[in-house]
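Down below is the structure, laid out as structure tokens.
Protein chains: 2
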Amino acid sequence: MATAKTEAFTQAEQDLAAFAKALAHPARIAILKILAAQNECICGKIVDVLPLAQSTVSQHLKELKNAGLINGTVDGPKSCYCINWKAFEKINGKFSFLFSSLKTQNEKACC
Amino acid sequence: MATAKTEAFTQAEQDLAAFAKALAHPARIAILKILAAQNECICGKIVDVLPLAQSTVSQHLKELKNAGLINGTVDGPKSCYCINWKAFEKINGKFSFLFSSLKTQNEKACC
DNA sequence: TTGCATTATCGTAATAAAACGATAAAACAA
DNA sequence: TTGTTTTATCGTTTTATTACGATAATGCAA
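Dropping the structure here:
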């Protein structure tokens, strides 16, 4: 089978993996940077900056939204996106926790 | 086409995406935890803990190794793995930098 | 040498992801 | 009303990922 055996792992492991998956494409990281570089929501203009088709960008935005990393609202014929800071902080905390928990071990490089 | 247009993005974005991809599966996060929880390299025993076939675990280990997150050496009939702390730190730093650079913006939630 | 234990690799199958074009929907302008 | 702009969705194709069993390779034990 090809379906990931997610059910066999802890919820924390699944959450981290899902978050990592949302970041696992340079286009989505670029989108987050673009959104963060603005003080306000961005309505349009995202497609113009990226070297991807409009439908592809829309797809990436949808994935970021599904992962909870960004918010999106409809503003007339346009759509506005901005970073969901609250969710981002929460999930960033989990990440930092993983790193720190890994790091607290003695860093013996034995191979 | 289905190939990711990685060449269209910055090296930093690609690096982060590649790192995120390595973490984008609960099994690989679980493996990192297992490795970090030990003081020494782990020779064997990884397969026993995970609910996956031996070949699948070997595949995940290979991906972590390719991403530079772990080291692996052959020890007789067994293989020994441990976390590559140096690479991990470096890449973790990049991640933290992304987070902090995102966070330095004012966190206006406008949508 | 022969067998055993361990791990990597190969082959294969099923699902997911990435990308695009075409089309639909929605709100505004003329 | 009709057209324009903007974005989402659908359908499709290509590639990547996940998973497993089977097999190969490796070094040790008997």
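From first to last, the protein sequence lines are chains Y and C.
First residue of the first sequence: 99, per our numbering; consecutive thereafter.
First residue of the second sequence: 99, per our numbering; consecutive thereafter.
Beta carbons: idealized from backbone N, C-alpha and C, even for Gly.
Since the model is a prediction, treat every value here as computed from it, not as a measurement.
For residue i, three-class secondary structure by DSSP
| i | result |
| --- | --- |
| Lys176 (chain Y) | strand |
| Gly170 (chain C) | strand |
Residue i to residue j span [Cα, whole Å]
| i | j | result |
| --- | --- | --- |
| Phe195 (chain Y) | Leu114 (chain Y) | 11 Å |
| Gln112 (chain Y) | Cys139 (chain C) | 25 Å |
| Leu130 (chain C) | Ala120 (chain C) | 11 Å |
| Ala135 (chain Y) | Val145 (chain Y) | 15 Å |
| Thr154 (chain Y) | Lys188 (chain Y) | 28 Å |
| Gly174 (chain Y) | Leu148 (chain Y) | 23 Å |
| Leu172 (chain Y) | Gln157 (chain C) | Checking the sequence, you will find Val at residue 172 (chain Y) rather than Leu. Approximately 43 Å between the Cα atoms of the pair. |
| Ser63 (chain Y) | Lys192 (chain Y) | What is shown of chain Y runs 99 to 209, which leaves residue 63 (chain Y) out entirely. |
| Asn190 (chain C) | Asn190 (chain Y) | 12 Å |
| Ile132 (chain C) | Glu161 (chain Y) | 30 Å |
| Ala102 (chain Y) | Cys178 (chain Y) | 33 Å |
Partners in chain Y for residue i, counting only beta-carbon separations shorter than 7 Å
| i | result |
| --- | --- |
| Gln112 (chain C) | Pro124 |
Whole-angstrom C-beta distance between residue j and residue i, which should lie under 8 Å
| i | j | result |
| --- | --- | --- |
| Gly142 (chain C) | Lys163 (chain C) | That belief does not hold up - the Cβ atoms of Gly142 (chain C) and Lys163 (chain C) are roughly 16 Å apart, past 8 Å. |
| Ala128 (chain Y) | Phe107 (chain C) | 6 Å |
| Ala185 (chain C) | Leu167 (chain C) | 6 Å |
| Ala125 (chain Y) | Leu150 (chain Y) | 6 Å |
Neighbourhood of residue i by C-beta, 6 Å cutoff - its chain only, sequence neighbours within 5 removed
| i | result |
| --- | --- |
| Asn169 (chain C) | Cys180 and Asn182 |
Partner residues on chain C for residue i, Cβ-Cβ distance less than 7 Å
| i | result |
| --- | --- |
| Ala118 (chain Y) | Ala118, Leu121 and Ala122 |
| Ala128 (chain Y) | Phe107 and Glu111 |
Contacting residues, own chain, Cβ-Cβ under 8 Å from residue i (five flanking each side not counted)
| i | result |
| --- | --- |
| Ala165 (chain Y) | Ala116, Phe117, Lys119 and Ala120 |
Same chain only: Cβ atoms within 7 Å of residue i, ignoring 5 sequence neighbours per side
| i | result |
| --- | --- |
| Gln93 (chain C) | Because chain C spans 99 through 209 in this model, residue 93 (chain C) falls outside it and cannot be assessed. |
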